[in-house]
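Student:
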Amino acid sequence: MVPSKPTSTTTSEPTALSPGGSTRTRADRARTERMAVTAIGGGCYDVVTEYDTVYTVDLPEGRCTCPDHQHRRARCKHLRRVAIGVTDGRVPAPGQREDACADCERPVYVDEDEPTPVYCEPCTLDTGRFVRDRERGDLLVVARTTRDRANAVAVPGWDTTVADYPTNRTYPETDVVVEVLYPISRALAPDDLTPSDLTRYAFPRSRLEPLVE
Ligand SMILES: [Zn+2]
Ligand SMILES: [Zn+2]
């Protein structure tokens, strides 16, 4: 990634630092100056300054393409700003990327190699949550949300994956698999329970509509 650095902005770059620069000043400017940080993968971030100059920060390596770092090896304001952003949760950490929740479209940070679709914390179906099967309209209870993807989970007794199961084919094949139970009737006495009442069924996440609690 080669940063674009218009020559016109080079001269207008603030030079308020005392010779050698003061640590406090860099820290203050890292917090207060307007900078836009975008994760570009591999632990690197593009930082657009208020002068529209773009520098690239390599956070794990502690490097920046700006002159302050290149010439003085300073822990420049861009490096600091990225570190602050990661700490505050406003920028994905190295190894993570930003994506949009497949349900509510809120931004969510996931591992860089995490397949889509992804879901934010509130849209992750917790154990005990009531959901509706979008295909059949059935009311179901979430047993657990797995980390597995529909195209990687076999349906017991069927020569197919959850993704390839006939009624699941319109849902993303890389959807996470959610295990659900059919609610047990209150009229059923414990002695009347059969193993099939407790059978878990695997669904692709998007087939399940979370019900408002
Ligand atoms: Zn820098
Ligand atoms: Zn969400």
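Throughout, the numbering used here is defined as the position within the sequence shown, counted from one, plus 1.
All residues carry an ideal CB built from backbone N, CA and C; glycine is no exception.
(1) Quick check: the stretch 25-44 against the stretch 90-98, are there 3 or more CB pairs under 8 Å?
(2) Is the CB-CB distance between residue 168 and residue 136 below 9 Å?
(3) Does any heavy atom of ligand 2 sit closer than 8 Å to the C-beta of residue 120?
(4) Alpha carbons only, please: which of 145, 207, 138 is nearest the one belonging to residue 171?
(5) Look up residue 1 in the DSSP assignment and say whether it is helix, strand or coil.
(6) Give the straight-line distance between the Cα atoms of residue 199 and residue 108, rounded to the nearest whole angstrom.
(7) May I ask you to report which of helix, strand or coil DSSP gives residue 191?
(8) Is any heavy atom of ligand 1 found at a distance shorter than 8 Å from the C-beta of residue 77?
(9) Would you check if the distance between the CB atom of residue 89 and the CB atom of residue 77 is smaller than 9 Å?
(10) Evaluate residue 213 with the Cβ neighbour count: other Cβ atoms within 10 Å of its Cβ, from every protein chain shown; 16 or more gives buried, anything less gives exposed.
Tutor: Let me spell this out:
(1) yes
(2) Stepping through the sequence shown from its first residue, residue 168 is reached at position 167. Stepping through the sequence shown from its first residue, residue 136 is reached at position 135. In contact: residue 168 and residue 136 (Cβ atoms closer than 9 Å).
(3) In the sequence shown, the residue the question calls residue 120 occupies position 119. Yes; taking the cut-off as 8 Å, the Cβ of residue 120 has a heavy atom of ligand 2 nearer than that.
(4) The count along the sequence shown starts at 1 and reaches residue 171 at position 170. For residue 171, the closest C-alpha among the options 145, 207, 138 is that of 207.
(5) The shown model of the chain, from 2 to 214, leaves out residue 1, and the question about it has no answer.
(6) Within the sequence shown, residue 199 is the residue found at index 198, counting from 1. Within the sequence shown, residue 108 is the residue found at index 107, counting from 1. Approximately 36 Å between the Cα atoms of the pair.
(7) In the sequence shown, counting from the first residue as 1, residue 191 sits at position 190. Residue 191 falls in the helix class under three-state DSSP.
(8) Stepping through the sequence shown from its first residue, residue 77 is reached at position 76. It does: the Cβ of residue 77 is within 8 Å (strictly closer) of some heavy atom of ligand 1.
(9) Position 88 of the sequence shown, counted from the first residue, corresponds to residue 89. Position 76 of the sequence shown, counted from the first residue, corresponds to residue 77. Contact: no.
(10) Taking the first residue of the sequence shown as 1, we reach residue 213 at position 212. It counts as exposed.
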